[in-house]
Each structure stands twice: as structure tokens, then as C-alpha cells.
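For the sequence shown, the working numbering gives the first residue as 1, with consecutive numbering after it. The block underneath contains the structure these notes are about, expressed in C-alpha cells.
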Amino acid sequence: METRELRYFVAVAEELHFGRAARRLGIAQPPLSRAIGRLERRLQAVLLERSSRAVTLTEAGAVLLREARAALEAVEAAERRTRRAAQAPAGQAGVVLVTKAGASSELLAKLLDAHAAEPDAAGVDLLLCGMGEQGPMLRDGRADVALLHLPFDTTAGLDTEVLCTEGQVAILPAGHPLAGRPRLRTADVTGLPDLPMPRWPGPDGSYPAGPGPRARDHAQLLQLIALGRACWIAPESCRTQLREGLAAVPVPDAPMVTTVIAWPPHSRSRAVADLVRTATRVSS
């Protein structure tokens, strides 16, 4: 199969309309229909059920849609990583590590220091991103390695190593009545009318409806909490970032948070392997 054919099929499968898919691709509809027909004959499978009123995916089509998205994503990632390698000075191609801004700060510092001390260690370019952006950046080639946090981030399609597991704490303004308690329940924190939970942007950049303030990263959120505009349930390691005016109270019934280091399964980069080894060593 050619990448062009996969792009054609993905457009039709997502639009479920040949006319809209053709406009999206910038081609005429007849060659698009012929291309899908050739693809079906080559695979010996009906991918789309067509009628005068609708286009629907068959079971085989649903499988190809999932696999085609992954394949096109891998091609795009390969293009990006190749360009990065070509632009780097000879012998100085490094590894790009992405993590949420403000997350796992202590672990990250230990990892970078330990890696830099290794003989012949490749350089590490650190990218700080917003909530949930590490996975997409890793999959599309903008990054080579990522720190992810379960159950909040997805590791589907990635190779991972567990680095640490920890409980969670409620981050509150130091003067709030709940800040002096020895522990809290999740329900105590999520239902506070005076301190709503923050709203994070979705994959399309839009924010869900709700009373909480909009937040893009940890630093911004901590400022909102200090101002008495929000509260938050966060991994216990966030205690190290707390400034004056903030308090952390354990929340035993909140889910445990597992930090993993992740990379694409097809990676054969020695620099990536070295960084993963260092991460597992410093976290043990």
C-alpha cells in the first residue's frame, strides 16, 4: 500500500462521504473512488459499504482506519526526526525529551544530571508542554522520549518503563479551612463551591464548560490556587514546588499516579536507549 492510498482512505473513512473527502484532499471525486476500489481489490476486502444515501465502514475498514492512522503518523514522525538529524551538527544529534511543565521536577532533575555525567552521553533537548500533549508530540516525531503519568496520560502504541508510583495530595490556599486537616477525601475537594477544580484544554485546544478557571500548565495553576481561585489534586511529588501560601493535604482515596518513561516501539536510537537506562537507574 502507498501512503497516498492510505491518506485517501482515511479521508473517506473520516468524512463518510466521497464528495467531502475529495474536497478535503483537493482532488476530483472520480479518481478518489477509483483509488479506493483499487485498494479494496488489492486487499481482497470490502472497506466501505456504499449506498445512494450513506457510506459506512465495514469491520475490515475500521481495522484499516486504525492501522492507516498509525502508519501515517509513523511516516510523519520519521520525516520530522530525519530533518532534525540532518539539521544537527555532525556527530551532535541529541534526544528530545518532553514532559508536562512543572511535573516530576525532582525526578527530571536527577535524570538530566545523571545522564549528563555519563561518558559520551548525547545531548538532551527538554521540551515543556501542556496537559496531555506529551503523547502526541512523541507519536508525531516532535519528541523522542516522554515522561507520562498514568492514569491521566495514555501509553497506547508506545513502549514504556515504570519509574515510580505515588499517592496524591490536595493543593489548597494555606488559609483555607480544609488546609489544616490531616487528610481529605476526593469528594471533599471536588465539590468545593469556593475553590472549583481547573479546566484543562482538550486535544483541539478548547476548554470544557464548567465553573473552574482555565489552566494550561502547573505554574499557572499554582498561581490560581494561591489567589484563592481554584484547588487541585496532584501527585505527591508536587509538594517540592509549593511556594508560600499553598498547602498540601494527603488524599488517600485518590488513584495512585505512576510515572513512566515512554518512546516509540520502532525506535532504534542508542541515545534513547541510554536515556531510558539512566531513568530506570535513578528512579530505582
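Using N, Cα and C, we set each Cβ at its ideal position, and we do this for glycine too. All figures in this text were calculated on a predicted structure; none of them were measured in a lab.
Proximity winner among the options, relative to residue i (alpha-carbon distances)
i: C129; options: V282, L148, P213 and L111; result: L148
i: D153; options: K100, E79 and P173; result: K100
i: L25; options: R38, V10 and R34; result: V10
i: T258; options: L275, G37, L178 and E161; result: E161
i: V12; options: E2, M1 and A35; result: A35
i: A234; options: A247, R80 and V96; result: A247
i: L64; options: V169, D113, R199 and T3; result: T3
i: R239; options: T165, E14, E106 and R80; result: E106
i: M131; options: W200, A109 and T82; result: W200
i: H17; options: M1, A62, S52 and G202; result: S52
i: R42; options: A74, L6 and E15; result: L6
i: A61; options: Y8, R183, Y207 and Q168; result: A small correction: the amino acid at residue 61 is Gly; Ala does not occupy that position in the sequence shown. Answer by Cα proximity: Y8.
i: E14; options: G37, Q44, W232 and A54; result: A54
i: L126; options: A143, R183, A271 and L32; result: A143
i: G167; options: E73, R183 and P177; result: R183
i: H266; options: A279, D140, G37 and S283; result: D140
Where residue i sits in the DSSP three-state scheme
i: V251; result: coil
i: L6; result: helix
i: E67; result: helix
i: A234; result: strand
i: T214; result: For the sequence presented, residue 214 should be read as Arg rather than Thr. Three-state result, R214: strand.
i: R199; result: strand
i: L172; result: strand
i: E161; result: strand
i: D194; result: coil
i: S269; result: coil
i: T155; result: coil
i: P136; result: helix
i: E79; result: helix
i: G228; result: coil
i: A209; result: coil
i: E15; result: helix
i: L222; result: helix
i: A121; result: coil
i: G180; result: helix
i: A109; result: helix
i: R274; result: Note that residue 274 is Asp in the sequence shown here, rather than Arg. Here D274 sits in helix by DSSP.
i: L283; result: In the sequence as displayed, the identity of residue 283 is Ser instead of Leu. In the structure shown, S283 sits in a helix (DSSP, three-state: H, G or I).
i: R185; result: coil
Whole-Å CB distance - residue i paired with residue j, under 8 Å assumed
i: A77; j: P264; result: 7 Å
i: V46; j: T56; result: Rounded, the Cβ-Cβ distance is 11 Å, inconsistent with contact.
i: P173; j: G245; result: 7 Å
i: P196; j: A230; result: 6 Å
i: L275; j: V96; result: No, L275 and V96 are not in contact; Cβ-Cβ is about 10 Å, not under 8 Å.
i: A226; j: R243; result: 7 Å
i: V251; j: T186; result: 6 Å
i: A262; j: L158; result: 4 Å
i: A122; j: G94; result: 5 Å
i: P151; j: P255; result: 6 Å
Beta bridge counterpart(s) of residue i as assigned by DSSP
i: E166; result: V257
i: H149; result: T259
i: R239; result: According to DSSP, which records beta bridges pairwise, R239 is partnered with nothing at all.
i: L246; result: P173
i: L126; result: L97
i: L57; result: L48
Cutoff 8 Å: residue i Cβ touching any chain D Cβ
i: V98; result: In summary, chain D is missing from the structure at hand, where a single protein chain is found.
Original post:
If you scan the segment 18-54 from start to end, which runs of the beta strand (DSSP E) of 3 or more residues do you find wholly inside it?
Top reply: Taking only runs of at least 3 residues, the beta strand (DSSP E) segments lying wholly in the segment 18-54 are 48-50.
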